[in-house]
Amino acid sequence: MRRLAAPCSFAALALLAAAEPPAPAEDECLKAGAEIVVKALRFSDGRSHSFMVTNNATSPIFLISIGDGAFIENSYSTQPASVGSPSGWKYTYVLGQDPRRPGSHSHTLTSYLWSALEEPEAWIQPGRSLSGFSVQLPTPREAVLAYVDFWESIGMPVQPTEPSLEEMEARVPPQPDLTKMPFTMLRRGERCVVGTIEPDSASDAGDARPSSGP
483 MRRLAAPCSF AALALLAAAE PPAPAEDECL KAGAEIVVKA LRFSDGRSHS
533 FMVTNNATSP IFLISIGDGA FIENSYSTQP ASVGSPSGWK YTYVLGQDPR
583 RPGSHSHTLT SYLWSALEEP EAWIQPGRSL SGFSVQLPTP REAVLAYVDF
633 WESIGMPVQP TEPSLEEMEA RVPPQPDLTK MPFTMLRRGE RCVVGTIEPD
683 SASDAGDARP SSGP
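Per the working numbering, the very first residue in the sequence shown carries number 483; after that it's consecutive.
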């Protein structure tokens, strides 16, 4: 499994936007309303999701974060097995601090972020929709194998006396339903926007095979 974790947060990535002001705190963000709509489809495997963003506002969107503020715990079961990105957009698996733990410096939470900071022609223009964003979370076995691979990579292989793969799989926590997550977006020259994803009416769409993004 590719290791996609990156020690950064939505706010930190927002600061990278050329000619854009720093992102304000989430409670200062505008509410999306009908101006920006994100629809998500969860496939029947329960771990594959695809998203379509519709921009009914007056300025283009160049950064999208899914799950920011939803308190998704960073773990091997929440690190994607594969992702999909529209042309010109780059994906980042984000790590952030938990605001419920004041003073903690540990990055224990995660979210899923795409940006097109360096590709203005790929921004979602007013009146347009863009699909191609997708996340496929790992199976329980993939999550356990990633855990085992990590410890072996630092010279600490899992010992025969430790739980079997089957026992470890049974302990993997439930994965988040990404069709019921909050989203945060940045638009050129404007404040950030927050909203809630809308599940697509065509749920349980069969097997999904999200393509790997850049």
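All C-beta atoms in this analysis are idealised placements derived from N, C-alpha and C, irrespective of residue type, glycine included.
Please report the straight-line C-alpha distance between residue i and residue j, rounded to a whole angstrom.
| i | j | result |
| --- | --- | --- |
| glutamate 649 | leucine 591 | 25 Å |
| isoleucine 679 | leucine 512 | 15 Å |
| histidine 531 | proline 658 | 11 Å |
| serine 559 | glutamate 600 | 30 Å |
| alanine 488 | glycine 549 | The predicted model places alanine 488 with a pLDDT of 41, which falls under 50 and marks its position as unreliable; any figure quoted below should be read in that light. Distance between the alpha carbons of alanine 488 and glycine 549: 15 Å. |
| threonine 661 | proline 681 | 5 Å |
| proline 655 | alanine 563 | 16 Å |
| serine 541 | alanine 516 | 14 Å |
| glutamate 603 | serine 593 | 25 Å |
| proline 506 | leucine 668 | Note on proline 506: pLDDT 43, under 50, position unreliable in the model; the coordinate value appears next. About 10 Å. |
| phenylalanine 632 | asparagine 538 | 44 Å |
Does the CB of residue i have a neighbour CB from chain C at under 8 Å?
| i | result |
| --- | --- |
| glycine 609 | Of the protein chains in this structure there is only one, and it is not chain C. |
If you follow the beta strand (DSSP E) that residue i is in, where does it begin and where does it stop?
| i | result |
| --- | --- |
| serine 597 | 591 to 597 |
| proline 562 | Element bounds for proline 562: n/a, residue is neither H nor E. |
| leucine 612 | 610 to 618 |
If you count every other CB in all the chains shown that lies within 10 Å of the CB of residue i, and 16 or more means buried, which is it?
| i | result |
| --- | --- |
| serine 567 | buried |
| isoleucine 636 | exposed |
| arginine 524 | buried |
| proline 620 | buried |
| glutamine 607 | exposed |
| phenylalanine 665 | buried |
| glycine 677 | buried |
| glycine 671 | exposed |
Tell me which residue opens and which closes the alpha helix (DSSP H) that residue i is part of.
| i | result |
| --- | --- |
| proline 781 | It is not possible to answer for residue 781, since the shown part of the chain is limited to 483 through 696. |
So which of the options has the shortest CA-CA distance to residue i?
| i | options | result |
| --- | --- | --- |
| arginine 623 | Arg583, Ala539, Arg529 | Arg529 |
| cysteine 674 | Phe544, Glu603, Phe553 | Phe544 |
| isoleucine 738 | Val535, Phe615, Met638 | In the structure displayed, the chain extends from 483 to 696; residue 738 sits before or after that span and is not available. |
| valine 617 | Trp633, Gly551, Tyr629, Thr574 | Thr574 |
| leucine 612 | Ile546, Tyr594, Arg582, Ala625 | Ile546 |
| glycine 614 | Phe533, Met663, Ser588, Leu595 | Phe533 |
| tyrosine 639 | Pro581, Gly609, Ala598, Val630 | Inspection of the sequence shows that residue 639 is occupied by proline rather than by tyrosine. Nearest option by C-alpha distance: Val630. |
| methionine 663 | Leu595, Arg610, Lys572, Val565 | Leu595 |
Using DSSP's beta-bridge definition, name the partner residues of residue i.
| i | result |
| --- | --- |
| leucine 677 | Inspection of the sequence shows that residue 677 is occupied by glycine rather than by leucine. Looking at the DSSP assignment, glycine 677 forms a beta bridge with Phe665. |
| serine 547 | Leu595, Thr666 |
| alanine 522 | Phe533, Pro681 |
| leucine 627 | Beta-bridge pairing links leucine 627 to no other residue. |
| isoleucine 554 | Thr592 |
| leucine 512 | Val675 |
| isoleucine 636 | In the DSSP output, where bridge partners are listed per residue, isoleucine 636 has none listed. |
Quick check: is any heavy atom of the ligand MN less than 7 Å from the C-beta of residue i?
| i | result |
| --- | --- |
| glycine 551 | You won't find the ligand MN in this model; it holds no ligand whatsoever. |
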